[in-house]
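Below is one structure, written out as structure tokens, with a few remarks after it.
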Amino acid sequence: MDTQRYNQLISDLRSDYRPQREWGEGKGLLMVVGHFLVGIAGGAWLLGTLYGSAWTLVLAFVLGGLGGLVHLAFLGHPERAVGMMRHWRTSWVSRGFVGLSLFLLGGVLYLPGQFVALGAAGPALNLIGGVMAMLGALTIIGYMGFAYTASKAIPFWNSPLHPALYVAYALRGGIAALLIVGAVKGGVPAETLLKLWIGVTAVVGLFFIMELQGAATGGNVAAKQSVHEILNGRVSMVFYGGTLIVGLAVPALLLATSHAASAAVMALIGIASAAGDFFMKLSTVRAGVYLPLVIPARHHRRA
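Every position in the sequence shown, counted from 1, becomes a number in the numbering used here once 1 is added.
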């Protein structure tokens, strides 16, 4: 451990609320990036299938592959992933690796048939690959929120709304991917997608507000501190600048002042929306603080 990290650890241990730094800072940022990419991949595959957009499926497959590589880079030793997959009965992280593997293998079988004729084997490959990829996509959409919720030491993450919020993120990311592909390749119902984006964004906002409200008004002091970190503390700039301005205000302004169905506006809305989701995930991860062993004195006085 270098001097800077040692001094940071000592400072954290002396504080009332020790922030978690394993995810979201330094090499731990790779975990957030991996979750972000894999979440969009799952949502993009689901939405691409529903709207019959083969190029969106290709984008989903590429993002899923990149997300897997980022996860392996975070682990440092790729062989650890094989060992982790053995614990799928009890570990959400293991289930995520299994789901991602199923998704990528299914994509390898399914995607070629969307662009070239595969002969007699084509229907079977399409069916098997399509089922595998969809099962994998649904798994990677759902597992991330549960992986955070299972982290009992971080009370803010241990919320029943967290899994639903990550599913909503994935759907919003899938819409963003469709908008970007539609801007480049065409063939997607822009107006319908933009209305769907507004609806899903409203759901994301509602879930997030409910999660903050629950943490702020609940009895857990560490969860309350996490809310403070997001709204007024060390991650507030990421939240306000990245989540609210880039991810919400910019798309809303584009929708209000531009011809929303134009290719450029569709692409910008998709990119800004995806960036906002990344910053929202980053802010909630960085805001996590460990449950203190001793309740700070000021909370005793309030009681």
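Yeah, the Cβ is synthetic: ideal placement off N, Cα and C, and Gly gets one too.
Problem set entry | Three-state secondary structure (DSSP) of V228 | In the three-state DSSP reduction, V228 falls in the helix class (H, G or I).
Problem set entry | Those runs of the alpha helix (DSSP H) which lie wholly inside the stretch 99–179 and span at least 4 residues | The stretch 99–179 contains these whole alpha helix (DSSP H) runs: 123–150.
For this session: Starting from P20, follow its DSSP beta bridges and name the residues at the other end.
Result: Under DSSP, P20 forms a beta bridge with V290.
Exercise. Buried or exposed: where does H301 fall if 16 or more other Cβ atoms within 10 Å of its Cβ makes it buried?
Worked result: In this predicted model, H301 has a pLDDT of only 46, less than 50, meaning its place in the structure is not dependable enough to derive any value.
For this session: Can you give me the Cβ contacts of L292 inside the same chain, cut-off strictly under 7 Å, excluding the 5 residues immediately before and after it?
Result: Excluding residues within five positions, the ones whose Cβ falls inside 7 Å are A154, P156, A223.
For this session: Report the option in S227, I41, R90 whose CA atom is closest to the CA atom of L64.
Result: When S227, I41, R90 are compared, the shortest CA-CA separation from L64 is found for I41.
For this session: Quick one: grab the DSSP three-state call for P190.
Result: It is coil, neither helix nor strand.
Exercise. Just checking my contact of A178 with A268 at CB under 8 Å: how many whole Å lie between their CB atoms?
Worked result: In fact, because the Cβ distance is near 11 Å, the residues do not count as touching under 8 Å.
Exercise. How about I181 and G271: do their beta carbons lie closer than 8 Å?
Worked result: Yes, Cβ-Cβ distance for I181 and G271 is below 8 Å.
Problem set entry | C-alpha gap between A55 and G114, whole angstroms | Taken atom to atom, the span from the alpha-carbon of A55 to that of G114 is near 10 Å.
Exercise. When you compare each of V236, G69, S274, G130 to A98 by their alpha carbons, which one comes out closest?
Worked result: For the sequence presented, residue 98 should be read as Phe rather than Ala. Minimum Cα distance to F98 is reached at G69.
Exercise. When the distance is taken between beta carbons, is L126 closer than 8 Å to L119?
Worked result: Between L119 and L126, the C-beta gap is smaller than 8 Å, which places the two residues in contact.
Exercise. Using CA coordinates, which residue listed in P190, I141, A191 is at the minimum distance from A169?
Worked result: Minimum Cα distance to A169 is reached at I141.
For this session: Grab me the residues of A217's own chain with a C-beta within less than 7 Å of its C-beta, minus the 5 sequence neighbours each way, in chain order.
Result: Answer for A217: K225, V228, listed in chain order.
Problem set entry | Candidates V94, A121, M135, of which the one nearest G108 by Cα | Per the Cα distances, M135.
Problem set entry | CB contact flag (R235, T202, <8 Å) | Against a cut-off of 8 Å, the Cβ pair of T202 and R235 comes out as no contact.
For this session: Return no unless some Cβ of chain C is closer than 8 Å to the Cβ of E230.
Result: The chain labelled as chain C is not found in the depicted structure, where only one protein chain is given.
Exercise. Are the beta-carbon atoms belonging to Y52 and R96 less than 8 Å from one another?
Worked result: Cβ atoms of Y52 and R96: not closer than 8 Å.
Problem set entry | Nearest-angstrom Cα separation, counted from T4 out to L139 | Whole-angstrom Cα-Cα distance: 43 Å.
Exercise. In terms of alpha-carbon separation, which member of A165, A275, G27 lies closest to F147?
Worked result: Of the listed residues, the one whose Cα sits closest to F147 is A165.
Exercise. Does DSSP classify E212 as helix, strand or coil?
Worked result: The DSSP-derived three-state label of E212 is helix.
Problem set entry | Y18 to S152 span [Cα, whole Å] | Near 16 Å, if we compare the C-alpha coordinates of S152 and Y18.
Exercise. Straight-line CA distance for A304 to Y149?
Worked result: Unreliable positioning characterises A304 in this predicted model, as indicated by a pLDDT of 44, which lies under 50. The coordinate reading is nonetheless provided below. Taking the straight line from one Cα to the other gives about 29 Å.
For this session: State the Cα-Cα distance for the pair G243 and L30, rounded to the nearest angstrom.
Result: Rounded to the nearest angstrom, the two C-alpha atoms are 16 Å apart.
Exercise. How big is the Cα-Cα spacing for R22 and R287?
Worked result: For R22 and R287, the distance between alpha carbons rounds to 7 Å.
Exercise. So L112 packs on L58, CB below 8 Å; how close in whole Å?
Worked result: Confirmed, Cβ separation roughly 6 Å.
For this session: Report the rounded CA-to-CA distance for K196 versus H163, giving the unit in angstroms.
Result: Note on geometry: alpha-carbon atoms of K196 and H163 lie some 24 Å from one another.
For this session: For I231, count neighbouring Cβ atoms within 10 angstroms of its own Cβ and tell me buried if that reaches 16, exposed if not.
Result: By the 10 Å Cβ count, I231 comes out buried.
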